[in-house]
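**Q** Can you keep this structure in mind? I'll have questions shortly.
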Amino acid sequence: MLRQTRVAVSLGLCAFLLVMKGIPDANASSELPDPINAGVAEKLFRLDCGRSLANDESVWTPGENVGRSIEFSSTCWLIKHGSEWLLWDTGVPEATLNDPRGWSTLPKLIVYHLDKSVTDQLAEIGLTPGDIARVAISHTHGDHIGNVDLFPNSTILMQRAEYNWIHSPNGPNDNVNQLMALARKLLGTPKNLQLVDGDTDVFGDGSVTLVSTPGHTPGHQSLLVHLKHSGFIILSGDVAHLEENFQKNIVPSLNTNKAESIASMEKVRQLIAIYKATLFLNHDKQQTAKLKLLPSFYD
Ligand SMILES: [Zn+2]
Numbered sequence: 001m002l003r004q005t006r007v008a009v010s011l012g013l014c015a016f017l018l019v020m021k022g023i024p025d026a027n028a029s030s031e032l033p034d035p036i037n038a039g040v041a042e043k044l045f046r047l048d049c050g051r052s053l054a055n056d057e058s059v060w061t062p063g064e065n066v067g068r069s070i071e072f073s074s075t076c077w078l079i080k081h082g083s084e085w086l087l088w089d090t091g092v093p094e095a096t097l098n099d100p101r102g103w104s105t106l107p108k109l110i111v112y113h114l115d116k117s118v119t120d121q122l123a124e125i126g127l128t129p130g131d132i133a134r135v136a137i138s139h140t141h142g143d144h145i146g147n148v149d150l151f152p153n154s155t156i157l158m159q160r161a162e163y164n165w166i167h168s169p170n171g172p173n174d175n176v177n178q179l180m181a182l183a184r185k186l187l188g189t190p191k192n193l194q195l196v197d198g199d200t201d202v203f204g205d206g207s208v209t210l211v212s213t214p215g216h217t218p219g220h221q222s223l224l225v226h227l228k229h230s231g232f233i234i235l236s237g238d239v240a241h242l243e244e245n246f247q248k249n250i251v252p253s254l255n256t257n258k259a260e261s262i263a264s265m266e267k268v269r270q271l272i273a274i275y276k277a278t279l280f281l282n283h284d285k286q287q288t289a290k291l292k293l294l295p296s297f298y299d
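Mapping of the sequence shown onto our numbering: position 257 corresponds to residue 257, and the numbering continues sequentially without gaps.
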């Protein structure tokens, strides 16, 4: 019976991978895990990596909520795999800590605040930035790479498409050009940079997988994490900002590619079905408020 189930799931995965061929990054190899035999990471911690206030929600929900203010959460995640630590995204720059004026990537649109530093939160569980072997970034917007410079000796994992994009010539959208320039500044030239192409198994055991989900930016990625008790969890990055956007395929106006954004949301929906996964939406304040916060963790 168990064997039959395994065969069925494996066939399901094959069918799924075939379906995946229809989406934009199909040329890249895929290392998605086997739903039954994937290894596990030991612990998943949420860090409070800031919050942001925007005065026009319609930038993220085109056609709706014009002129309405909104607050987003910013989240980083810390994963323990064996004796190794991996940090997913790095949040709003620590220089912003407790600054009432906040910090902005696009001053007319959004202002970020930081109430707790990454360093202090790591210290709560006895860690320093030097203990973090790998830092994986969903994409290069400032609220995700604001503290990459705290980790000069870590391996920085990102999609090659993202790295190439921020180093490409400016396009027609000046807001996007500004974000690219800021990304180059915040990312700097990491000593240990690992550029990946498509879905990538980080530890070689199916426990932590970088999942290519372009559209918000050209090399945007999400993270599929497998835990012993909690099962599979998908960390969204910015594949969608809000639960409603994810359900209705709503694409923010700042995304670099609308069709890719919708395909990536569809890919995440398929991953949720295949892996019976839970989706944690990085910027959805209502959802984030309900999730465990370091020193509590998922296992
Ligand atoms: Zn973003």
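We put the CB at the ideal spot given by N, CA and C, even for glycine.
Let me make sure I understand the geometry here. Which of L223, Y112 and E243 has the alpha-carbon closest to that of Y275?
**A** Selected option, being the one with the closest Cα: L223.
**Q** Shortest alpha-carbon distance to D312 belongs to which of S230, P107, L114 and V239?
**A** This structure leaves residue 312 out entirely; the chain is present only between 1 and 299.
**Q** Starting from the Cα of V92, find the closest Cα among T119, L86, S69 and K80 and give me that residue.
**A** With distances taken between Cα atoms, V92 lies closest to T119.
**Q** Could you check which residue in G39, D48, D34 and A38 has the C-alpha nearest to that of S296?
**A** It is D48 whose Cα lies nearest to the Cα of S296.
**Q** T200 to S30, Cα distance in whole Å?
**A** One C-alpha to the other measures close to 7 angstroms.
**Q** Restricting to Cα atoms, I'd like to know which of N255, I132, I262 and G215 is closest to Q247.
**A** Nearest C-alpha to Q247: I262.
**Q** Where are the alpha helix (DSSP H) runs, 4 residues long or more, that stay fully inside the stretch 88 to 146, in chain order?
**A** Entirely contained in the stretch 88 to 146, the alpha helix (DSSP H) runs reaching 4 residues are, in chain order, 118 to 124 and 142 to 145.
**Q** State the Cα-Cα distance for the pair T189 and H139, rounded to the nearest angstrom.
**A** For T189 and H139, the distance between alpha carbons rounds to 16 angstroms.
**Q** Nearest to D149 by alpha carbon, out of D89, H220, E244 and K292?
**A** The shortest Cα separation from D149 among D89, H220, E244 and K292 belongs to D89.
**Q** Report the rounded CA-to-CA distance for N245 versus R101, giving the unit in angstroms.
**A** Cα to Cα, the separation comes out at about 29 angstroms.
**Q** Just mark Y298 as buried or exposed, buried being the case when its beta carbon has 16 or more other beta carbons within 10 Å.
**A** Label assigned to Y298: buried.
**Q** Note down, in chain order, each residue of its chain lying with its Cβ closer than 6 angstroms to the Cβ of D238, except the 5 sequence neighbours on either side.
**A** These residues qualify, in order along the chain: H216.
**Q** Exposed or buried, what is Y163 when buried is set at 16 or more other beta-carbons lying within 10 Å of its beta-carbon?
**A** It is buried - the Cβ of Y163 has at least 16 other Cβ atoms within 10 Å.
**Q** Hey, quick one: how far does the beta strand (DSSP E) through E71 stretch, first residue to last?
**A** I70 to H81 is the extent of the beta strand (DSSP E) around E71.
**Q** Following a CB-centred definition, is D89 positioned closer than 7 angstroms to any heavy atom of ligand 1?
**A** No, ligand 1 has no heavy atom inside 7 angstroms of this Cβ.
**Q** Can you give me the start and stop residues for the beta strand (DSSP E) that D174 sits inside?
**A** Note, D174: premise wrong, no beta strand (DSSP E); alpha helix (DSSP H) at D174 to L187.
**Q** Reducing DSSP to helix, strand and coil, say where F297 ends up.
**A** Coil at F297, not helix or strand.
**Q** Can you tell me which of L227, A181, L179 and P152 puts its alpha carbon nearest to the alpha carbon of K191?
**A** When only C-alpha atoms are compared, the closest one is P152.
**Q** Beta carbon of L281, beta carbon of S236: below 8 angstroms?
**A** Yes, these two residues count as a Cβ contact at 8 angstroms.
**Q** Using 8 angstroms as the threshold, is the stretch 69 to 78 in touch with the stretch 254 to 274, meaning 3 or more CB pairs across them?
**A** Counting Cβ pairs under 8 angstroms, fewer than three are found: no touch.
**Q** Which residue marks the beginning of the alpha helix (DSSP H) containing K43, and which one marks its end?
**A** Segment K43 to A54 is the beta strand (DSSP E) holding K43; no alpha helix (DSSP H) there.
**Q** Note the first and the last residue of the continuous beta strand (DSSP E) segment covering I234.
**A** Unbroken beta strand (DSSP E) run through I234: G231 to L235.
**Q** Note down the Cα distance separating L158 from V211, rounded to an integer number of angstroms.
**A** Reading the sequence as shown, one finds Met at residue 158 and not Leu. When rounded, the distance between both Cα atoms is 11 angstroms.
**Q** Considering only heavy atoms of ligand 1, does any lie closer than 7 angstroms to the CB of D131?
**A** No, ligand 1 has no heavy atom inside 7 angstroms of this Cβ.
**Q** Say yes only if the C-beta of D238 is nearer than 7 angstroms to one or more non-hydrogen atoms of ligand 1, and no if none qualify.
**A** Yes, Cβ of D238 sits closer than 7 angstroms to a heavy atom of ligand 1.
**Q** Please classify W85: does DSSP put it in a helix, a strand, or coil?
**A** Strand at W85.
**Q** Comparing C-alpha positions only, which one of D284, H81, L106 and P172 sits nearest to V202?
**A** For the residues D284, H81, L106 and P172, the minimum Cα distance to V202 belongs to H81.
**Q** Would you report the Cα separation of G198 and M265, rounded to the nearest angstrom?
**A** Going by the C-alpha atoms only, they are around 16 angstroms apart.
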